[in-house]
Amino acid sequence: MSKAVIICNGSIEDYSYYKKHLEAAQFIICADGGATHALKFGIKPDVLLGDFDSIPKGDFDCLLEQGVEIVKYPSEKDMTDAEIAAELAMEKGYDEIVFIGATGTRLDHSLSNIMMLKSLLERGVKGIIVNEHNEVMVIDKHVTLIREENYKVTLLPLTEIVEGVSTKGLYYELKDATLKMGSSLGVSNEFSEDAAEVTIKKGLMLVIKARD
């Protein structure tokens, strides 16, 4: 898969945590104020886009001087900067998009970005939101999760029901189960093996690998 990383303007605490994602990216987009994070990462993104209402002028000028491509959008628009960045990544043919800084104090933006993963999946693109405590994705078929210390796995239906839910490598295993939206049955499961498999037959599932 070809991977793009989108750096948004949300919360980032431990910048070293994201090194593996940035090094694996073939294309990096900063969504508006995500430019400040890029400078703290010490990287040169390929594109900076947005209406630039949340980026300090000094940070903007710094990336401009580095020769970063600048794409400006009007402040009155029908999409968030993160969604515009995702559209650009898809236009360029990337089929995996990792979002950094996509969660934070603004719950509306956090939820909007999480729900955007559904739209990406429907267009054949794998989207993942990562922060220091969570990896978030939406599946309609299958995913393999790699065990990491202190991480748990949560499954949350995004459709009214999700049918044919089966898991392997988790302490509480499911076999051809049906999960209903609003149920907490899939919350905070534990790894029992080095890798876990989650498979569903019908519906959409929000899969979260999380730690405190």
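Whatever position you read off the sequence shown (first residue = 1), add 1041 for our numbering.
Even glycine gets a Cβ: it sits at the ideal position worked out from N, Cα and C.
So residue i packs on residue j, CB below 8 Å; how close in whole Å?
{"i": "CYS1049", "j": "ALA1143", "result": "5 Å"}
{"i": "ILE1155", "j": "VAL1177", "result": "6 Å"}
{"i": "GLY1168", "j": "ASP1136", "result": "Not really, about 10 Å apart at Cβ, beyond 8 Å."}
{"i": "SER1224", "j": "THR1195", "result": "Wrong, their Cβ atoms sit about 12 Å apart, outside the cutoff."}
{"i": "ILE990", "j": "ASP1119", "result": "Within the shown structure, residues of the chain are numbered from 1042 to 1253, placing residue 990 beyond reach of any answer."}
From residue i to residue j, what distance separates their C-alpha atoms?
{"i": "LEU1226", "j": "ASN1172", "result": "24 Å"}
{"i": "VAL1046", "j": "ASP1253", "result": "24 Å"}
{"i": "SER1160", "j": "THR1121", "result": "14 Å"}
{"i": "VAL1203", "j": "TYR1192", "result": "23 Å"}
{"i": "ALA1254", "j": "SER1043", "result": "In the structure as shown, the chain starts at 1042 and stops at 1253, and residue 1254 therefore has no counterpart that could be examined."}
{"i": "ASP1217", "j": "LEU1197", "result": "16 Å"}
{"i": "ALA1123", "j": "TYR1056", "result": "19 Å"}
{"i": "GLY1051", "j": "ALA1236", "result": "30 Å"}
{"i": "ASP1092", "j": "LEU1220", "result": "41 Å"}
{"i": "ALA1076", "j": "ARG1147", "result": "18 Å"}
{"i": "SER1153", "j": "ASN1175", "result": "16 Å"}
{"i": "GLU1163", "j": "ASP1181", "result": "9 Å"}
{"i": "TYR1058", "j": "PRO1086", "result": "18 Å"}
{"i": "GLU1238", "j": "GLY1145", "result": "29 Å"}
For the alpha helix (DSSP H) that residue i lies in, which residues bound it at each end?
{"i": "PHE1082", "result": "1075 to 1082"}
{"i": "HIS1150", "result": "1148 to 1163"}
{"i": "ALA1010", "result": "Nothing can be reported for residue 1010, as the shown portion of the chain is limited to 1042 through 1253."}
{"i": "PHE1093", "result": "First-last for PHE1093: undefined, no H or E at that position."}
{"i": "LEU1063", "result": "1060 to 1065"}
Taking all protein chains shown into account, do 16 or more other C-beta atoms lie within 10 angstroms of the C-beta of residue i, making it buried, or fewer, making it exposed?
{"i": "HIS1183", "result": "exposed"}
{"i": "TYR1212", "result": "exposed"}
{"i": "LYS1250", "result": "buried"}
{"i": "GLY1134", "result": "exposed"}
{"i": "ILE1138", "result": "buried"}
{"i": "SER1151", "result": "buried"}
{"i": "THR1185", "result": "exposed"}
{"i": "ASP1100", "result": "buried"}
Taking the DSSP output, what are the residues bridged to residue i?
{"i": "SER1043", "result": "Partner(s): none; SER1043 has no beta bridge."}
{"i": "THR1195", "result": "ILE1249"}
{"i": "ILE1053", "result": "Paired residues: none, contrary to the question."}
{"i": "ALA1072", "result": "LEU1090"}
{"i": "LEU1211", "result": "PHE1232"}
{"i": "GLU1204", "result": "LYS1243"}
{"i": "GLU1137", "result": "LYS1044, LYS1167"}
Quick one: give me the first and last residue of the beta strand (DSSP E) that residue i is part of.
{"i": "GLU1190", "result": "It is not in any beta strand (DSSP E) - GLU1190 carries neither H nor E in the DSSP assignment."}
{"i": "GLU1110", "result": "1110 to 1113"}
{"i": "ASN1175", "result": "1175 to 1180"}
{"i": "SER1224", "result": "That residue, SER1224, is in no beta strand (DSSP E); it is neither H nor E in DSSP."}
{"i": "ALA1237", "result": "1236 to 1240"}
{"i": "VAL1166", "result": "VAL1166 -> no beta strand (DSSP E), and no H or E assigned at all."}
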